[in-house]
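The number in the numbering used here is simply the position in the sequence shown, starting from 1, with 5 added.
Ideal Cβ positions, reconstructed from N, Cα and C, are used throughout, including at glycine.
None of the values given here were measured: they were computed from a predicted structure.
Everything on this sheet refers to the single structure shown next.
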Amino acid sequence: MPSLDRLHHMIGFQPLVPPWLLWALGAALLAMGAWGIIRRARGTTWRVLAGAGLVLWLSGPQRLSESWRPLPQTALVVVDQSASMSIRDRAVMAHHAAERVQEEIGHIDGLQTRTVTVRDAHHDGTRLFAALTQAASDIPPSRLAGAVMITDGQVHDIPPKPPEILTPSDGHDHHVTLPLHVLLTGRGEETDRRLRILQAPPYGIVGQDVTVRVEVDDLGRPDARGAATELTMTQGGAQPSTRTVQIGQPQDITLPVTRPGPMLVGLSVPELPGEASGVNNQDIVRINGVRDRLRVLLVSGTPNQGERVWRRLLKADPSVDLVHFTILRPPDKDDGTPLSDLALIAFPVNELFQQKIGQFDLIILDGFENHGILPQAYLRNIANHVREGGGLLLIGGPEFVGPGSLQDTPLSEILPAHIQPDGVMDEKFRPMLTEAGQRHPVTANLPGAPTSATGPGWGPWYRSLQSDSVNGEVLMTGPHQQPLLVLDHADKGRVAFLLSDQAWLWSHGEGGGGPQSELLRRISHWLMKEPELEENQLEAEITGGVLNITRRSLLPAPPGTVRVTHPDGTVQQVPLTATGAKGVTTAHVPAHENGIWSVRDSDGHEAFAAPRAEDPQEFADLRATATRLQPLVAMTGGGMHWLGDRPEAPSLPAMRMVDGAPHSTAARFDFPDRHAHVVTGQQARALVPAWMVLCFVLAMLMIGWWREGRRRT
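What follows is the structure, given as structure tokens:
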């Protein structure tokens, strides 16, 4: 661009009298002329010309000379590098196209570029117009020549009309429209098949089916609506199943909820021949399996302080239906009182332990002393119910060493510990965690857990039972390292035995108290097989493109390895690393592939994980298309051009700067020359000298006088 100033001439006015006086003189002159014409007075025209010359001179006409220095105009280049541009070689093509555009515009005199790159917008899709407005915020409106967007056409903040940045004022209360040009990464309109999950419940009841609504669309193929394709469903390690679905029509599919906890179901449809990408041909349904109203049977023996604790804990859980019976008077105490006066509600022994025992998820026997209350057959029913998958919790006190003890019944077959005949220990002690207890989810990380036998810990208890044999896993110990909390598996079911009836002391703050409610809650939920309390767990989760694997084990074994199966079937052996927490090992694997990842350890535990779409809008439509931006480009007089199929050498239209409104086409992008400049100097001279005006006025008056004199003669 030349650096010399340019000279510009124009006509201006600098009135010698107030403007209102000029208007008054002009009105008087018109009135005089009209009067003369009506009266047909000679010389009227010459006198009007004399007056007009005088009024023109009083308006101060001047010849203005300005020196201008041209300023360069700016064309904004917005490069789309969002997630959808990662498809094939779009990002590479956009990068090379931006370099070529800068080079081509650099050859145009008076035009320069400013380039801005737009990346992911975090769940808001591609926002090129927001970036355009921000990039132009510090460019003077008179120096903006237009914009070029290099994109795949998937833009999610397209305004209904040209944005204000492209419709600046021209300085005379008028607005000009600057062109928006678009370069599209591809050689033409594309097609794309996508799978959408329209509706999926976040929770499902174990043992029941949930309904998921899906829709398969063939974008760019309006004639495909109603055609059929196969939908494949994959759940965990099960064999995939398929069903036929109609394209373009929402359809419901049912999925079984087989277990509590998170459940991942992969859905996929085959790729469309020649489609843009198969990334959005699959999706993951995440459903959390929950139990339907856990039913708990609590049978209490002699009334005690712990009974109220259990009722409060179980009643506070909205997912628990509690059935509670307290035996106030055993049958061996007979003083002749009528049976109708002994109980408000008769103990429904047959109904609970024969007819409906299978309906209970957990049975709690708190201080229960049989004394013939339950026949042996009913106690055998309880044992069989546990073996078939139920849960049993026993709270032990002095009743375990006397006649009628439960360990002298069929329940002894599933009890995890046996109490000595004189096994009641009445002495002060503080519960301690064993090595297994520090690893087991039921007791690990309990608030205030003691770190040593002599250090501070939980509040004391004053009574416990002494066992002579243990079958299960000891998590807590009492006095003289005697088992205090024992958990065990009985075939498909579970049993927990708390060898003390004084846990209620913690709720009263005895000696500092302890996490009584949390401990009892964890025990009961472990018995009801809540997944997060499994003693041997394998968990997998994908965050930030990394598969995080966590394994928890009660065995102090070496970390070992896990087998990771990628969504494409690739198998990888990954070593585990020990952490600071006991029994916890972890591993981290890069996971950028969409689909369900499977992790399996040496003990047969399996976990599944799938990445979440960081920006669902970006992958909703993966076509390169002109349909979204075409209306707005047409409003601005811009052009649209496909870059072709050569990423390293994209095709570009011709670019030029023109006077007046641009008329762009697919082969030529126009930028308006807005003549941006800065005034470096200004000079004003009277357009007509005063003496010349005086001579003109006198001459007109003389001619008018002469014309009027001839009439008189």
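Short Cβ contact (8 Å threshold) for residue i with residue j
i: ASP85; j: ASP157; result: yes
i: LEU573; j: GLU598; result: The displayed chain sequence assigns Asp, not Leu, to residue 573. The answer is yes: Cβ separation under 8 Å.
i: ARG119; j: ALA140; result: yes
i: VAL274; j: LEU236; result: yes
i: GLY483; j: PRO436; result: yes
i: GLY407; j: LEU367; result: no
i: VAL219; j: LEU272; result: yes
i: GLY464; j: PRO455; result: no
i: GLY253; j: GLY279; result: no
i: ARG124; j: ASP162; result: no
i: SER505; j: ARG468; result: yes
i: GLY709; j: ALA55; result: yes
i: GLU623; j: ALA88; result: yes
i: VAL500; j: LEU420; result: yes
i: ILE144; j: THR79; result: yes
i: ILE528; j: PRO616; result: no
i: ALA97; j: VAL82; result: For the record, residue 97 in the displayed sequence is Val; it is not Ala. No. Outside cutoff.
i: ALA729; j: VAL325; result: Lying before the first or after the last residue shown, residue 729 is absent from the chain, which here runs from 6 to 718.
i: PRO658; j: ALA672; result: yes
i: PHE405; j: LEU379; result: no
DSSP-derived helix/strand/coil call for residue i
i: LEU648; result: coil
i: ASN293; result: strand
i: VAL663; result: strand
i: GLN635; result: helix
i: LEU188; result: strand
i: GLU537; result: helix
i: TYR383; result: helix
i: TRP466; result: strand
i: VAL123; result: strand
i: GLU418; result: helix
i: SER87; result: coil
i: SER273; result: strand
i: SER8; result: Caution is warranted here: a pLDDT of 48 is assigned to SER8, below 50, making its placement in the model unreliable, and the coordinate value is therefore given only provisionally. Here SER8 sits in coil by DSSP.
i: VAL447; result: coil
i: ILE708; result: helix
i: HIS530; result: helix
i: ASP322; result: coil
i: GLY428; result: strand
i: HIS390; result: helix
i: GLN578; result: strand
i: ASP162; result: coil
Beta-carbon contacts of residue i that lie in its chain and below 7 Å, excluding the five residues immediately before and after
i: VAL22; result: LEU63
i: THR641; result: PRO167, LEU171, THR182, LEU183, PRO184 and LEU185
i: SER246; result: MET238
i: GLU418; result: ALA388
i: ARG316; result: HIS329
i: GLY516; result: GLY464 and PRO465
Cut-off 6 Å between Cβ atoms - residues of its own chain near residue i, not counting five sequence neighbours on either side
i: MET662; result: ILE113, LEU116, PHE676 and ASP678
i: THR718; result: Annotation note: pLDDT 48 at THR718 (below 50); position unreliable, coordinate value reported separately. Within the same chain, THR718 has no close Cβ partners at all.
i: GLN577; result: VAL569
i: PHE701; result: GLY58
i: ARG52; result: GLY709
Supposed contact pair residue j and residue i - C-beta distance, whole angstroms, cut 8 Å
i: PHE613; j: LEU269; result: 5 Å
i: LEU492; j: LEU480; result: 6 Å
i: VAL221; j: ILE258; result: The Cβ separation is near 12 Å, so there is no contact.
i: HIS445; j: GLU540; result: 5 Å
i: PRO265; j: VAL295; result: 6 Å
i: ALA449; j: PHE502; result: Incorrect: roughly 19 Å between the Cβ atoms, too far for contact.
i: GLY283; j: GLY394; result: In fact, because the Cβ distance is near 42 Å, the residues do not count as touching under 8 Å.
i: GLN256; j: VAL250; result: 5 Å
i: LEU69; j: ALA695; result: LEU69 to ALA695, Cβ: 19 Å. No contact.
i: GLY453; j: GLY549; result: Going by Cβ atoms, the distance from GLY453 to GLY549 rounds to 34 Å, so no, they are not a contact pair.
Cutoff 8 Å; reference residue i; Cβ partners in own chain excluding five residues on either side
i: GLY225; result: GLU194, GLU195, THR196, ASP197, ARG628 and THR630
i: HIS593; result: VAL551, LEU552, ASN553 and ILE554
i: TRP25; result: none
Requested in this report: Count the CB pairs spanning the stretch 540-558 and the stretch 582-589 that are closer than 8 Å, and state whether there are at least three.
Outcome: yes
Report task. Please confirm if the stretch 561-572 is in contact with the stretch 531-542, defined as three or more CB-CB distances below 8 Å between the two stretches. Result -> no
Requested in this report: Evaluate contact between the stretch 146-154 and the stretch 605-625, counting only Cβ atoms and requiring at least three cross-stretch pairs below 8 Å.
Outcome: no
Report task. Evaluate the contact criterion for the stretch 281-290 versus the stretch 469-489: three or more CB pairs, one atom per stretch, below 8 Å. Result -> no
Report task. Would you be able to state if there are at least three C-beta pairs under 8 Å between the stretch 27-38 and the stretch 652-669? Result -> no
Query raised in the report: On the three-pair Cβ rule with 8 Å, is the stretch 44-54 touching the stretch 641-661?
Result: no
Query raised in the report: If you pair each beta-carbon of the stretch 359-375 with each one of the stretch 288-305, do three or more pairs fall below 8 Å?
Result: yes
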